[in-house]
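Residue numbers (full-length UniProt numbering), protein chains in the order written: chain A, 1 to 244; chain B, 1 to 244. The C-beta atom is built at its ideal place from N, Cα and C for all residues, glycine as well. Single-structure report; data block below.
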DNA sequence: GGTCATCAAGAGGTCTGACCACTCAGAGTG
DNA sequence: CACTCTGAGTGGTCAGACCTCTTGATGACC
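Okay, here's the thing in structure tokens:
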């Protein structure tokens, strides 16, 4: 309690926990390129022994990385068993957004603005680069929504599929992952809003029309129009479904 | 091995692991709204007893949620000790992107396109909504980069700060978080590229000019110009620093 | 009465060692 | 040759002990 006055600046030492050291070790190998997609991690017991931590610490680290979609574990023996570097970004990102949206860390306006930014890009990319075969899932979702007297739940499902399919057709995986995660995190809130809508048939009809217009723009390879229509569609949807 | 032919469709049962059940339990409380930011979780031992799993399972679940920035643990006793619902989206998102970029799940073009989409939006939002006081950190980063004969590492640091500050000045936390995470995940690759540039002084001067132009557009509250300049700046930077 | 050292309690952090469940490879068997 | 069985190695789970940290109460001392 004495050296506070003008002493040498003591920077707080991190005091890392065991599992954080393990994460850092694995992350280091990944960033260094010595561990790439498909590679196996050593067995938990080995890793624990090598890093001088308990197996519990190793397992906690693996859980965190698994939660981020970086790693994937399989029980069993021989070929295929063990923990491997994976490429499953969706798993982690979706839960991440779902929880933080639910916690109110991001409110509706922010989500809408983000969706607009990402999906404008998706739409433009898809219009420019996607051929008819890439548009097949988009078309399929579009037609599924044309079912007469469709229930909000079903519609919402295909609606999600429609937007997600456009995102992936654009060929940009990062944009697509973020779009998927955001749209997915909004599925339940959107569904609740749809169920509370007074005139569902009317709303449904409008959404259908807008979807068809977007689809046409994509098929016409008109990037600007597709982007504009997508932005208008998203903004209008939220305005209708979440009136203030 | 007999009932395969036209038997009743057996859907695979999930076989969830213990920690996943714990996550689901906590996530359920969050989605239901009974657990919000600042609330404490029961002590690990209690939670384990209530959910009928071992403490290890509870700890693995908490680690996953901590990795996503949903929860935060503090040792000790009394007020302030324990595990709490938190709102730290950055922590998780940054590592997520850093690792997946390193793993090559997202390549450079995809990252650039995403940055353009997000930062165009940030720039426009900032130009529209931010007052001079919100622009202070942007200005500070700008001036820090004007230091003559600045080292690439230092420049890169302030460059990151500049773009991140714009993102936050826009007032959209989701866009800002994603922008921060992406920019941060590119810091090391960018730094490496800057160090390898043949004519650093020249590149540096160009980047400075573009930054100043963006700053002026923001101060002028010209959203369209700010967005256009930002897009051009990002695309040009990558074209110069990562020539093919 | 105030101030300070001390200590107990309660929280997370760690480790150990055991056992279970699953899966594959290969030995053994008809 | 085909099938079955078994062993071994992997992650999954658990129980229990102990450590460290932090707080708040206790009580001695001034």
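With at least 16 other beta carbons inside 10 angstroms of its own, residue 99 of chain B counts as buried. In the structure shown, residue 166 of chain A adopts helical secondary structure according to DSSP, grouped into three states. For residue 30 of chain A, at least one C-beta of chain B is nearer than 9 Å to its own C-beta.
Cβ neighbours of residue 123 of chain B within its own chain (closer than 8 Å, five residues either side excluded): 166, 170, 214, 217, 218, 223, 226, 227, 229, 230. If you look at residue 85 of chain B, you'll find it in the beta strand (DSSP E) that goes 82-85.
In the three-state DSSP reduction, residue 70 of chain A falls in the coil class, being neither helix nor strand.
Within the stretch 150-227 of chain B, the complete alpha helix (DSSP H) runs of at least 4 residues fall at 152-169, 173-185, 187-196, 200-219.
In the three-state DSSP reduction, residue 40 of chain B falls in the strand class (E or B). Not flagged as an interface residue toward chain B: residue 34 of chain A, since no C-beta distance is shorter than 9 Å.
The three-state reading of DSSP puts residue 244 of chain B in coil, since its state is none of H, G, I, E or B.
Less than 9 Å divides the Cβ of residue 106 of chain A from the Cβ of residue 89 of chain B. Between the beta-carbon of residue 85 of chain B and that of residue 33 of chain B there is about 11 Å, and that puts the pair past the 8 Å contact cut. Residue 189 of chain A is positioned such that its CB atom lies no closer than 9 Å to that of residue 112 of chain A.
Against chain B, the beta carbon of residue 172 of chain A has neighbours under 8 Å at 109, 110, 113, 114, listed in chain order.
Residue 92 of chain B carries a helical assignment under DSSP once its states are collapsed to helix, strand and coil. Flagged as an interface residue toward chain B: residue 85 of chain A, by a C-beta distance shorter than 9 Å. Taken residue by residue, none of the stretch 202-235 of chain B has a beta-carbon sitting less than 8 Å from a beta-carbon on chain A.
Contact annotation: the stretch 48-66 of chain A touches the stretch 13-31 of chain A, with at least three C-beta pairs closer than 8 Å.
The beta carbons of residue 94 of chain A and residue 40 of chain A sit about 26 Å from each other, so the pair does not count as a contact at 8 Å. Shown in chain order are the members of the stretch 59-71 of chain B whose Cβ falls below 7 Å from a Cβ of chain A: 59, 60, 63, 64, 67, 68, 70.
Taking 9 Å as the cut-off, the beta carbon of residue 56 of chain B is found closer than this to the beta carbon of residue 56 of chain A. For residue 59 of chain A and residue 60 of chain B, the gap between their C-alpha atoms comes out near 8 Å.
For residue 27 of chain A, the chain B residues whose Cβ falls inside 7 Å of its Cβ are 99, in order along the chain. Identification of chain A residues near residue 156 of chain B by a Cβ-Cβ cut-off of 7 Å yields none; the smallest Cβ-Cβ distance measures about 17 Å. Residue 138 of chain B carries a helical assignment under DSSP once its states are collapsed to helix, strand and coil. Less than 9 Å divides the Cβ of residue 185 of chain B from the Cβ of residue 97 of chain B. Within the stretch 115-148 of chain B, the residues whose Cβ lies closer than 8 Å to some Cβ of chain A are 116, 117, 118, 120, 121, 125, listed in chain order. The Cβ atoms of residue 183 of chain B and residue 163 of chain B lie closer than 9 Å to each other. Against chain B, the beta carbon of residue 178 of chain A has neighbours under 8 Å at 114, 178, listed in chain order. For residue 75 of chain B, there is no enclosing alpha helix (DSSP H), as DSSP marks it with neither H nor E.
Below the 8 Å Cβ cutoff, chain A contributes no neighbours of residue 190 of chain B, its closest Cβ being approximately 14 Å away. Take residue 44 of chain A, set aside five residues on each side of it, and the residues of its chain with a beta-carbon closer than 8 Å to its own are 55, 58, 59, 62, 83, in chain order.
Residues of chain B whose Cβ lies closer than 7 Å to the Cβ of residue 181 of chain A do not exist; the shortest such Cβ separation is about 10 Å. Secondary structure note for residue 27 of chain A: its alpha helix (DSSP H) is the uninterrupted segment 18-32. Measuring C-alpha to C-alpha distances from residue 139 of chain B to each of B/237, B/158, B/207 identifies B/158 as the nearest.
With a contact defined as Cβ atoms closer than 8 Å, residue 142 of chain B and residue 212 of chain B qualify at about 7 Å.
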